[in-house]
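Per this note's numbering, residue 1 is the first one in the sequence shown, and the count goes up by one each step.
A virtual CB, placed ideally from N, CA and C, is assigned to each residue, including glycine.
Predicted, not measured: the structure shown is a model, and the values here were computed from it.
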Amino acid sequence: MKRLHLYVIKSFLGPFFMTFFIVVFVLLMQFLWRYVGDLVGKGLDLSVLGEMLFYASFGVLPFAFPLAMLLASIMTFGSLGENYELVAMKSAGISLFRIMKPLIVIAAFVSAIAFYVANNILPTTNLKFTTLMVSVKQQRPELVLQEGVFTNEIDGYNIKIGRKDKKTNVLYDLLIYDHTQNKANESVTVADSGYLKITEDKKYMVLTLYSGVNYSEETSKERGQINKRPFRRDKFDEQTIRVRVNNFEFSRRDEGIYRNMYRMLNIRQLVLMTDTLNDKYYDQVRNYLMQIDINPTITRRIFDLTVKHDSLKQNIEIKPDSTFNFDTLFNGVDKWVKAEIAMLALDRSRNNMQNLNLYQGQITERKRNINKYEMEWHRKFTLSFAVFIFFFVGA
1 MKRLHLYVIK SFLGPFFMTF FIVVFVLLMQ FLWRYVGDLV GKGLDLSVLG
51 EMLFYASFGV LPFAFPLAML LASIMTFGSL GENYELVAMK SAGISLFRIM
101 KPLIVIAAFV SAIAFYVANN ILPTTNLKFT TLMVSVKQQR PELVLQEGVF
151 TNEIDGYNIK IGRKDKKTNV LYDLLIYDHT QNKANESVTV ADSGYLKITE
201 DKKYMVLTLY SGVNYSEETS KERGQINKRP FRRDKFDEQT IRVRVNNFEF
251 SRRDEGIYRN MYRMLNIRQL VLMTDTLNDK YYDQVRNYLM QIDINPTITR
301 RIFDLTVKHD SLKQNIEIKP DSTFNFDTLF NGVDKWVKAE IAMLALDRSR
351 NNMQNLNLYQ GQITERKRNI NKYEMEWHRK FTLSFAVFIF FFVGA
């Protein structure tokens, strides 16, 4: 390799890697800003957030490669032109193609890497990211007690605090309604202060109360004493309430639910899935047409034309029946028969219209789903091809 080529390559690689990591960082910040509402207040571990950012970083690579190539080529050739190095090379008899030749090879190599990432790595990372993101969105928010507001995040309890010391996390003026027995406000606890914490496994809530009173109404179980409700009041200096809480621990969903989505498939899988969806689409169209109440002869012709694939379709010539005339038959009946026939035809038309409106939405949605798979197939190539195009645009 000539020194000229080495010099051009060194001038290009520095700006390329710099702009590449900057673009990845900017796109990740955009991702965080987009999903910040789903991440805040869930009590997620740093390992979960780090894993999510790791998968999200692969998701922005197809967009980072073209932008990095564009900016790096602009900076490289702009620097060569600003320092009159490009003029010196051309005055020495070196053509622009020879100057760009090593960078064209690098652009082709980066395009191949972008295609490999989009086809082999992104389907896996998209699957894991989608599964993790859905799990995070369904994660129950972390318990937060607000001053002067009842909180019913704990199953069976309504809790209100008067104020909270932000430095010591001490709760004051607590009011707790116990509904664990599926009764009304028959059990109430009032405490001067207390602490609330969730165990490390996030399965239990431990509430420690100080200087309080328990008020409860007990229902008599004896016959004839149902309407008598003894009142009970218990004072305490310290009381601990341990409650099992659900859905505070983080649980992952099954990846198999999203495995066949278009963003989780490579090119070969996209082709197979598109063929399968097309077969189901044509079968559905055929079934809908068969359900429409029309002439049996026309229905049979529709079945013959739609049940086969395009390469096997046959244009069946429908020969008119010269021995039978509908107009002659219709004109030969009485008026009341004509009216009955017209009403029957009108009812059938209305039913067919309603069915068509219903089927149209379902067929359109299925076709739109097929288009997503076809667009994803083209996206595998276009994003990598954009790397090559952006290089020439910048150069």
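1) Beta-carbon separation of Pro15 and Leu383 under 8 Å?
2) Note the first and the last residue of the continuous beta strand (DSSP E) segment covering Leu171.
3) Would you check if the distance between the CB atom of Lys380 and the CB atom of Ile267 is smaller than 8 Å?
4) Going by the DSSP bridge assignment, what does Tyr210 pair with across the sheet?
5) Does the segment 73-82 come close enough to the segment 2-16 to have 3 or more Cβ pairs within less than 8 Å?
6) So, at 7 Å on beta carbons, what are the nonlocal neighbours of Gln239 in its own chain, with the 5 sequence-adjacent residues on each side left out?
7) Going by other Cβ atoms of all chains shown within 10 Å of its Cβ, with 16 needed for buried, is Met353 buried or exposed?
8) Counting Cβ pairs closer than 8 Å, one from the segment 53-72 and one from the segment 114-122, do we hit at least three?
9) Can Gln284 and Ile370 be called in contact, C-beta distance under 8 Å?
10) Give every residue of the same chain whose Cβ lies closer than 7 Å to the Cβ of Val307, excluding the five residues on either side of it in the sequence, and list them in chain order.
11) Which of the three DSSP states, helix, strand or coil, is assigned to Glu147?
12) Could you tell me which residues DSSP pairs with Met205 in its beta bridges?
13) How close, in whole Å, do the beta carbons of Ile398 and Ile9 come, if the pair is a contact with beta carbons under 8 Å?
14) If distances are taken between C-alpha atoms only, which option among Arg263, Phe385 and Ala191 comes closest to Leu127?
15) At what residue ranges does the segment 33-88 contain a whole run of the alpha helix (DSSP H), taking only runs of 4 or more?
16) Could you work out which residue in Arg98, Phe231 and Val36 is closest to Leu4 when comparing CA atoms only?
17) With a cut-off of 8 Å on the beta carbons, I'd call Lys367 and Tyr281 a contact; round off their distance for me.
18) Taking the alpha carbon of Tyr195 as the reference point, which residue from Asn260, Ile241 and Phe20 has its own alpha carbon closest?
19) Alpha helix (DSSP H) containing Asn126: first to last residue?
20) Is Thr130 close to the ligand GTP? I mean its beta-carbon at under 7 Å from any heavy atom of the ligand.
21) Whole angstroms is fine: what's the gap from Arg244's alpha carbon to Lys372's?
22) With 16 other CB atoms within 10 Å as the buried threshold, where does Ala92 fall?
23) Determine, using beta carbons only, whether Glu51 and Leu132 come nearer to each other than 8 Å.
24) Can you give me the C-alpha to C-alpha distance between Ile403 and Val26, rounded to a whole angstrom?
25) Cα separation between Tyr48 and Val149?
26) So within the segment 326-388, which uninterrupted alpha helix (DSSP H) runs reach at least 4 residues, ignoring any that extend past its ends?
27) With a CB to CB cut of under 8 Å and the five nearest residues on each side skipped, what residues in its chain are close to Phe385?
28) Which class does Ile9 belong to by DSSP, given the choice of helix, strand or coil?
29) Roughly how many whole angstroms lie between the Cα atoms of Phe392 and Asn278?
30) Gly156 by DSSP, collapsed to three states: which one?
31) To the nearest angstrom, report how far apart Ile104 and Leu53 are at their CA atoms.
32) In terms of alpha-carbon separation, which member of Met69, Gln30, Lys101 and Met18 lies closest to Leu6?
33) Give me the Cβ distance between Arg163 and Glu147, rounded to the nearest whole Å; I'm assuming they're in contact under 8 Å.
Answer, in terms of the structure:
1) As a first step, residue 15 must be located in the sequence shown, where it is residue number 15. As a first step, residue 383 must be located in the sequence shown, where it is residue number 383. Contact: no.
2) Mapped onto the sequence shown, residue 171 falls at position 171. That run of the beta strand (DSSP E) goes Leu171 to Asp178.
3) Numbered from its first residue, the sequence shown carries residue 380 at position 380. Numbered from its first residue, the sequence shown carries residue 267 at position 267. In this structure, Lys380 sits near Ile267, with a CB-CB distance shorter than 8 Å.
4) Position 210 of the sequence shown holds residue 210. Residue pairing for Tyr210: DSSP places it in a beta bridge opposite Ser193 and Glu238.
5) yes
6) Working through the sequence shown from its first residue, we reach residue 239 at position 239. Closer than 7 Å at Cβ, skipping near neighbours: Leu209 and Gly212.
7) In the sequence shown, counting from the first residue as 1, residue 353 sits at position 353. By the neighbour-count rule (16 or more Cβ atoms within 10 Å), Met353 is not buried but exposed.
8) Result yes; three or more Cβ-Cβ pairs closer than 8 Å.
9) Position 284 of the sequence shown, counting from 1, holds the residue named residue 284. Position 370 of the sequence shown, counting from 1, holds the residue named residue 370. Result no, Cβ atoms of Gln284 and Ile370 do not sit closer than 8 Å.
10) Within the sequence shown, numbered from 1, the residue matching residue 307 stands at position 307. The pLDDT assigned to Val307 is 41, lower than 50, so where the model puts this residue is not dependable; a value taken from the coordinates is nonetheless given after this. Excluding positions up to five away in sequence, the list reads Arg286.
11) For the purposes of this step, residue 147 is identified with residue 147 of the sequence shown, where counting begins at 1. Here Glu147 sits in strand by DSSP.
12) On the sequence shown, position 205 is the one that residue 205 refers to. Met205 pairs with Ile198 and Val243.
13) Within the shown structure, residues of the chain are numbered from 1 to 395, placing residue 398 beyond reach of any answer.
14) Locating residue 127 in the sequence shown gives position 127, where the first residue counts as 1. Ranking the options by Cα distance to Leu127, first place goes to Arg263.
15) 46-59 and 61-82
16) Start at 1 with the first residue of the sequence shown, and residue 4 comes out as number 4. Nearest of Arg98, Phe231 and Val36 to Leu4, Cα basis: Arg98.
17) Translated into the one-based positions of the sequence shown, residue 367 becomes position 367. Translated into the one-based positions of the sequence shown, residue 281 becomes position 281. Contact between Lys367 and Tyr281 holds, with the beta-carbon distance rounding to 6 Å and staying under 8 Å.
18) The count along the sequence shown starts at 1 and reaches residue 195 at position 195. Ranking Asn260, Ile241 and Phe20 by Cα distance to Tyr195 puts Ile241 first.
19) Position 126 of the sequence shown, counting from 1, holds the residue named residue 126. Looking at the DSSP string, the run of the alpha helix (DSSP H) that includes Asn126 is Leu122 to Lys137.
20) Ligands displayed in this structure: none; no statement on the ligand GTP is therefore possible.
21) Numbered from its first residue, the sequence shown carries residue 244 at position 244. Numbered from its first residue, the sequence shown carries residue 372 at position 372. Each residue's alpha carbon lies about 44 Å from the other.
22) Counted from its first residue, the sequence shown places residue 92 at position 92. It counts as exposed.
23) Counted from its first residue, the sequence shown places residue 51 at position 51. Counted from its first residue, the sequence shown places residue 132 at position 132. Result yes, Cβ atoms of Glu51 and Leu132 sit closer than 8 Å.
24) The requested residue 403 does not occur in the structure, where the chain is confined to residues 1 to 395.
25) Here residue 48 corresponds to residue number 48 of the sequence shown, with the count starting at 1. Here residue 149 corresponds to residue number 149 of the sequence shown, with the count starting at 1. Reading off the sequence, residue 48 comes out as Val, not Tyr. Taking the straight line from one Cα to the other gives about 31 Å.
26) 326-331
27) Translated into positions along the sequence shown, residue 385 becomes position 385. In its chain, beyond the 5 residues on either side, Ser111 have a beta carbon closer than 8 Å to the beta carbon of Phe385.
28) Locating residue 9 in the sequence shown gives position 9, counting from the first residue. Under the three-state reduction of DSSP output, Ile9 falls in the helix class.
29) Along the sequence shown, read from residue 1 onward, the residue named residue 392 stands at position 392. Along the sequence shown, read from residue 1 onward, the residue named residue 278 stands at position 278. Approximately 38 Å, taken between the alpha carbons.
30) As a position in the sequence shown, residue 156 is number 156, starting the count at 1. The DSSP-derived three-state label of Gly156 is coil.
31) Residue numbering aside, residue 104 sits at position 104 when the sequence shown is read from its first letter. Residue numbering aside, residue 53 sits at position 53 when the sequence shown is read from its first letter. Spanning the two alpha carbons is a distance of roughly 32 Å.
32) The residue you call residue 6 lines up with position 6 of the sequence shown. Checking every option, the nearest Cα to that of Leu6 belongs to Lys101.
33) Translated into the one-based positions of the sequence shown, residue 163 becomes position 163. Translated into the one-based positions of the sequence shown, residue 147 becomes position 147. Arg163 to Glu147, Cβ: 5 Å. Contact.
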